[in-house]
Structures are given as structure tokens and as C-alpha cells.
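S.K.: I have a structure here, written as C-alpha cells, and I will follow up with some questions on it.
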Amino acid sequence: MHDKRFDPTLISRLDNPERRKKLPPEELLALLELKGGEDILDVGAGAGYFTFPAAEKTSGTVYALDAQSEMLDYLLSRLEESEFDGNIEIIQGEAEQIPLDDEQVDAVICSMVLHEVEPLAQGLSEIRRVLKPGGKALCIEWEVADTGSGPPQAHRVSSADMARILKETGFQVLSTRPWTEAFYSIVFQK
């Protein structure tokens with residue numbers, strides 16, 4: 001069992017007004033500079049915090065990947081109530097073994113999930129494998145700081161360490177930005 005994985009009984013924490021203020025999904029997605037026809041993978045889609053805003057920005061397919069069936073059931077119920085029936089595809093799977101073909105997606109979103117991936121290099125290699133050449137990815141993660149909430153500091157990956165690991169995995173880091181003292185974003189490219 002993955003002891004670092006998010007507890008699905010806390011799903012309401014994943015999408016609330018306070019979180020939207022600190023991490024506005026539309027502003028974060030703008031960092032990917034989407035043109036409107038991309039296929040996008042949302043790794044650790046959870047409640048669909050990025051899945052649905054991403055589906056608004058593309059006519060392509062948004063693959064919502066999560067390992068936990070509770071999350072996928074919740075996502076499915078939201079999907080059935082939305083107008084995105086055609087361009088969101090829900091997939092159960094792990095970041096360490098993404099069930100997609102090589103070079104299948106133009107963009108990847110991994111929000112608050114990479115700190116759970118073991119080993120991290122394997123998850124990043126999988127992201128690299130499914131990304132098309134020149135494809136971009138957006139990572140949002142917890143900074144290593146005492147923020148009073150979130151995962152234990154020992155599970156977090158600092159922005160500096162994440163940038164280094166991304167480069168070691170063969171990615172080009174395009175930008176790193178702190179959003180609050182607790183969160184940062186990194187945009188990287190294959």
C-alpha cells in the first residue's frame with residue numbers, strides 16, 4: 001500500500017474556494033500556452049480540479065488518470081453532470097506505469113501528485129514517454145516549508161530539487177514560480 005497517497009475521504013479539500021484563490025487553475029493552465037487542440041494528460045486527476053478547466057481549453061482529449069477508484073467514481077459522477085462527455089476520458093492507473101501509448105499527449109498536468117510517486121524518476125520517465133516531442137508539462141507541488149498542512153515535509157520535493165531531477169530525466173525546465181509559500185509551479189518540456 002502507498003502510505004504517501006492522498007486519503008480520498010478528504011476529497012472536499014481538493015476543490016474549495018480557498019484553494020482556488022491560492023492556486024487558480026486557469027492561471028496555472030495558461031503557463032502551458034495551449035493552442036486549443038491538444039490532447040492532455042492530468043496525472044492524479046483527483047476531483048478534476050484541472051481536468052475540467054483543461055477540457056474547456058482544448059477540443060482534444062483530456063485523459064484523467066488516477067490510481068484510486070474512489071477518486072475516479074467521484075470524477076465520473078462530475079463528468080456525467082458536465083458538458084464534457086466527449087473530450088474527457090477517465091483512466092485508472094499509476095503515474096509510474098501510465099496506460100497510454102508513447103508520444104500520445106501534447107501536454108501533461110501533475111498537480112500535487114509527484115511527491116507521492118515512487119520512484120519519482122520512474123514517474124517522470126513515464127511522463128516523458130507519453131509526451132510528444134516538444135510537449136510541455138506543468139507540475140504544481142508543495143514547497144519544503146512548514147506550511148501547517150499538506151503532506152509531511154519528508155515527502156515533499158523542493159522546487160530546486162524538482163528542477164534538478166527534471167533536468168536529469170532529460171527535460172528542459174522553462175519556468176519555476178512560487179505561488180504561495182506552500183506551493184510552486186514548474187513548466188518543463190520534452
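At position 189 of the sequence shown the residue is numbered 189 (full-length UniProt numbering), and the sequence of numbers has no breaks. Glycine included, each C-beta is placed from N, C-alpha and C at the ideal position.
Alpha carbon to alpha carbon, how far is residue 101 from residue 131? Give it in angstroms, no decimals.
M.R.: 9 Å
S.K.: Please name the residue in 28, 62, 76 and 80 whose C-alpha comes closest to that of residue 104.
M.R.: 62
S.K.: Report yes if the CB atom of residue 55 is closer than 8 Å to the CB atom of residue 87, and no otherwise.
M.R.: yes
S.K.: Taking the Cβ atom as the reference point for each residue, do residue 93 and residue 65 lie within a distance shorter than 8 Å?
M.R.: yes
S.K.: Assuming the contact rule is C-beta atoms closer than 8 Å, residue 43 and residue 108 should be a hit. Round their C-beta distance to whole Å, please.
M.R.: The Cβ separation is near 6 Å, so the contact holds.
S.K.: Please tell me whether residue 169 and residue 138 are closer than 8 Å, where the distance is taken between their beta carbons.
M.R.: no
S.K.: Determine the contact status of residue 72 and residue 98, defining contact as a CB-CB distance below 8 Å.
M.R.: no
S.K.: Within the continuous alpha helix (DSSP H) that includes residue 73, where are the two ends?
M.R.: 69-80
S.K.: Hey, residue 176 and residue 165: beta-carbon distance below 8 Å or not?
M.R.: no
S.K.: Which term fits residue 80, buried or exposed, when burial requires 16 or more other beta carbons within 10 angstroms of its beta carbon?
M.R.: Around the CB of residue 80, fewer than 16 other CB atoms lie within 10 Å, so the residue is classed as exposed.
S.K.: State buried or exposed for residue 59, treating a residue as buried only when at least 16 other CB atoms are found within 10 Å of its CB.
M.R.: When all chains shown are included, residue 59 counts as exposed.
S.K.: Looking at the structure shown, is residue 156 part of a helix, part of a strand, or coil, going by DSSP?
M.R.: coil
S.K.: For residue 140 and residue 23, which I take to be in contact (beta-carbon distance under 8 Å), what is that distance rounded to the nearest angstrom?
M.R.: 6 Å
S.K.: CB residue 135 to CB residue 172, shorter than 8 Å?
M.R.: no
S.K.: By the DSSP assignment, the beta strand (DSSP E) with residue 172 in it spans what residues?
M.R.: 172-178
S.K.: Based on DSSP bridge pairs, tell me the residues matched to residue 104.
M.R.: The partner list for residue 104 (beta bridge, DSSP) is empty, contrary to what the question assumes.
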